[in-house]
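With the working numbering applied, the sequence shown covers 10 to 287.
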Amino acid sequence: MSSWPQERRDSLLELVRKSREIFSSMKPLLRVGDRPRAVFVGDTHGAFMVTKYVFENFSDYDAIVFLGDYVDREPYGLENLEIILSHFVENKDKVIVLRGNHESPLTNEYYGFRAEVREKLGDENYKEFVDLFSEMPYAAIVNNYLCVHGGIARNLKNVQQIEELKKPDIIPEDEIAFEMLWNDPREELDGFVPNIRGEGTFFYGKDVTLEFLKENSLKGIIRGHEVADGFRSEIDERVITVFSSRYHKMRAGILLQDGEKFNMVYLDEEFLLKGDKS
Numbered sequence: 010m011s012s013w014p015q016e017r018r019d020s021l022l023e024l025v026r027k028s029r030e031i032f033s034s035m036k037p038l039l040r041v042g043d044r045p046r047a048v049f050v051g052d053t054h055g056a057f058m059v060t061k062y063v064f065e066n067f068s069d070y071d072a073i074v075f076l077g078d079y080v081d082r083e084p085y086g087l088e089n090l091e092i093i094l095s096h097f098v099e100n101k102d103k104v105i106v107l108r109g110n111h112e113s114p115l116t117n118e119y120y121g122f123r124a125e126v127r128e129k130l131g132d133e134n135y136k137e138f139v140d141l142f143s144e145m146p147y148a149a150i151v152n153n154y155l156c157v158h159g160g161i162a163r164n165l166k167n168v169q170q171i172e173e174l175k176k177p178d179i180i181p182e183d184e185i186a187f188e189m190l191w192n193d194p195r196e197e198l199d200g201f202v203p204n205i206r207g208e209g210t211f212f213y214g215k216d217v218t219l220e221f222l223k224e225n226s227l228k229g230i231i232r233g234h235e236v237a238d239g240f241r242s243e244i245d246e247r248v249i250t251v252f253s254s255r256y257h258k259m260r261a262g263i264l265l266q267d268g269e270k271f272n273m274v275y276l277d278e279e280f281l282l283k284g285d286k287s
């Protein structure tokens, strides 16, 4: 049994298949180039009102970059994906959709998305999303910033290696791909240090981060993955974390870039409560 009407189920599944087909034609690294006005959206975890706000208010920007984690934790992952993918298929060159660590059965089993699919669409349709997630790109270079969900990996020296990653990869199994989705920066550390998130995950320190940026002639890294009050800047302000969900009761943040200038838009509880009532 499923709670969504057949027509809506069919419409979403068709959107998912169409999106997967587009993702499958994309390289694991998207070289987007210069987009003078860009929007960066961190983890939304089903916060579809934040996603709606982005498209309603920043559709005139040159790029809208989603940094992953669209599902799990909150019960509106499908609604969130529906909005993002609808805009993506309409304008795949402008709407950049990257993979997060929650776009994986490894997390969906424990943090709610598989149960949500089971309730709304029927469990037999969950594989459609596994296949979708496995084709999503891992990173993009926008305005000479590496956009990625988690960050750099121990054996990642050159961005060309990202382009050479294999898709589809369900978990992912590839070590570099896995770490790019799971690793976190720590300014006070050197090198790579085991992360409290679990086996196969690491903190990356200031030295290896700056070395990677220099080697690849990058200005910085724009990422999601960690809880923040909207955003956090570290490692000589060259690593920016954006968090766009209020799951942890902090403000949702959206990062705006206009030329060389960055600004943060904060969405607080009052905004989201108003949105939930509509």
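We treat Cβ as the ideally placed atom computed from N, Cα and C, and that holds for glycine.
- In this chain, residue 140 is not harboured by any beta strand (DSSP E); it is covered by the alpha helix (DSSP H) spanning 135-144.
- Residues of the same chain with a CB within less than 6 angstroms of the CB of residue 216, apart from the 5 flanking positions on each side, are 199 in chain order.
- Under the three-state reduction of DSSP output, residue 148 falls in the strand class.
- Looking from the CA of residue 29, the closest CA among 119, 104, 137 belongs to 137.
- Residue 261 is bridged by DSSP to 276.
- Contiguous beta strand (DSSP E) elements confined to the stretch 163-227 occur at 193-195, 201-203, 211-214, taking only those with 3 or more residues.
- Scanning 258, 265, 19, 131 for the CA closest to the CA of residue 54 turns up 258.
- Assignment of residue 69 by DSSP, reduced to helix, strand and coil, places it in the coil class.
- Inter-segment contact for the stretch 203-218 and the stretch 24-39 is absent: fewer than three beta-carbon pairs are separated by less than 8 angstroms.
- One thing to note: residue 76 has its Cβ no nearer than 7 angstroms to the Cβ of residue 149.
- Across the set 226, 22, 84, the C-alpha of 226 shows the shortest separation from the C-alpha of residue 166.
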